[in-house]
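Chemist:
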Amino acid sequence: MDRETGLHYNTFRYYDPDIGRFTQPDPIGLLGGLNLYQYAPNGLTWIDPWGWSCGNFKWGNPKSKPTYGHTFSDHGQKVKSNQLKDRARSKGHQIGQYDDDKLAAEFIANVAKKGSGVHDVPLPQNIKGRGYLPDGTEIFPDMARVVVKPDGSVRTSFPFNSSYPN
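Each residue of the sequence shown is one higher than the one before, starting from 1 at the first, in the UniProt record's numbering.
#1: Since T156 sits in a beta bridge, which residues does DSSP pair it with?
#2: So for E4, helix, strand or coil by DSSP?
#3: Under 8 Å: do the segment 56–65 and the segment 116–133 share three or more Cβ pairs, one atom per stretch?
#4: Taking the Cβ atom as the reference point for each residue, do G96 and F160 lie within a distance shorter than 7 Å?
#5: Rounded to the nearest angstrom, what separates A105 and K113 at their Cα positions?
#6: Which residues in the same chain have their Cβ closer than 7 Å to the Cβ of P17, if we skip the five residues on either side of it in sequence?
#7: What residues match up with N10 in a beta bridge as DSSP calls it?
#8: Between which residues of its own chain and V147 is the CB-CB distance below 6 Å, once the five residues before and five after are set aside?
#9: Please state the DSSP three-state secondary structure of Q83.
#10: Tell me whether the beta-carbon of S162 lies closer than 7 Å to the beta-carbon of M143.
#11: Please say whether D101 and F72 have beta carbons closer to each other than 7 Å?
#12: Can you tell me the Cα-Cα spacing of R87 and V111, whole angstroms?
#13: Output the distance between the C-alpha atoms of A109 and R21, rounded to the nearest integer angstrom.
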């Protein structure tokens, strides 16, 4: 701790405990999250005193089930439209899929940094998808749901159209 300023030096930048954030932007830029000055997305559950912990997750790799759960096996680009239609019919609600697993994985990784819980977020224009209603009607998503477990990994994520009940 710097006695004159009360700031704590944490390897690459200073942390101000009075305001609960760093005083300089994250040196890795947006890869650290959308808020370049935050200590952690959730200061109660994320513990990383040196700022080096990345967990054992393989963010950006859609094939990593420990990281993304069943997101891409159930909602990824390789799922056939007839499978989606059958699931929508049997579940009684819309079922969506991402058109590009790699782009979706990067998007989901950024949303997961918000911490555990269910996050319904607008789908960026570069992330495309499709979905089906129980009657087989094709719809196009405008939102994504990302379900993050307490350990920071993703249980599931899928695109959906907010005009229809989920």
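Cβ coordinates follow ideal geometry from the N, Cα and C atoms, glycine included.
Modeler: Taking the geometry as given:
#1: On the sequence shown, residue 156 is found 156 positions in, with the first residue counted as 1. Answer by DSSP bridge pairing, in chain order: V147.
#2: The sequence position of residue 4 within the sequence shown is 4, counting from 1. Coil.
#3: no
#4: Position 96 of the sequence shown, counted from the start, is the residue given in the question as residue 96. Position 160 of the sequence shown, counted from the start, is the residue given in the question as residue 160. Yes, the Cβ-Cβ distance between G96 and F160 is below 7 Å.
#5: In the sequence shown, residue 105 corresponds to position 105, counting from 1. In the sequence shown, residue 113 corresponds to position 113, counting from 1. Rounded to the nearest whole angstrom, the CA to CA distance from A105 to K113 is 13 Å.
#6: The residue you call residue 17 lines up with position 17 of the sequence shown. For P17, where only same-chain residues beyond five positions count, the Cβ hits under 7 Å are H8.
#7: Translated into positions along the sequence shown, residue 10 becomes position 10. N10 pairs with R13.
#8: Position 147 of the sequence shown, counting from 1, holds the residue named residue 147. So the qualifying residues of the chain are V118, R155 and T156.
#9: Reading the sequence shown from its first residue, position 83 is the one you call residue 83. The answer is helix: DSSP assigns Q83 an H, G or I state.
#10: Looking up residue 162 in the sequence shown gives position 162. Looking up residue 143 in the sequence shown gives position 143. Cβ atoms of S162 and M143: closer than 7 Å.
#11: What you label residue 72 is simply residue 72 of the sequence shown in a count that begins at 1. What you label residue 101 is simply residue 101 of the sequence shown in a count that begins at 1. Here F72 is near D101, since their CB atoms are less than 7 Å apart.
#12: Here residue 87 refers to the residue found at position 87 of the sequence shown. Here residue 111 refers to the residue found at position 111 of the sequence shown. Rounded to whole angstroms, R87 to V111 spans 26 Å at the Cα level.
#13: Here residue 109 refers to the residue found at position 109 of the sequence shown. Here residue 21 refers to the residue found at position 21 of the sequence shown. If you draw a straight line from the Cα of A109 to the Cα of R21, it is about 21 Å long.
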